[in-house]
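Input: a single structure, listed below in structure tokens.
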Amino acid sequence: MWKHRVLYIAIEYGIFIMAFCYILYSKSLDKYYIGHTEMSVADRIAKHLTNHDGFTGKAKDWLEVWSREFPSKLEAYAMERKIKGWKSRKAIEQLIQNA
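Under numbering that gives the first Met the number 0, the letters of the sequence shown match residues 0 to 98, in that order.
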């Protein structure tokens with residue numbers, strides 16, 4: 000219920016929270032990581048670089064290689080799912096090169 004109230008206030012006052020879809024690359028793992036966030040990509044990378052048990056916790060050299068801003072978290076998440084659905088390193092690298 001409170002989410003609807005927040006959305007109403009955001010629309011009423013013209014406040015919109017942008018979201019990002021991003022791709023990180025680790026040279027040591029030679030792997031890409033695809034994610035989305037409502038925080039800045041720099042802040043999100045800082046969280047990825049902390050000690051944790053997740054996939055990005057395996058390396059400390061993650062760098063942003065691509066990001067795109069979206070007007071909503073839902074749209075950023077849709078793009079993340081689209082990229083992950085490619086299951087193709089070549090397609091991901093084409094996206095990065097064409098940015």
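Think of the CB as a built atom: it goes at the ideal place given N, C-alpha and C, for glycine as much as any other residue.
Between R43 and T36, the C-beta spacing is below 8 Å.
DSSP, read as helix, strand or coil, puts I16 in coil.
Going by C-alpha positions, F19 is about 23 Å away from K57. In the three-state reduction of the DSSP assignment, L28 falls in the coil class, being assigned neither a helical nor a strand state.
Burial of S66 is indicated by the presence of at least 16 other C-beta atoms within 10 angstroms of its C-beta.
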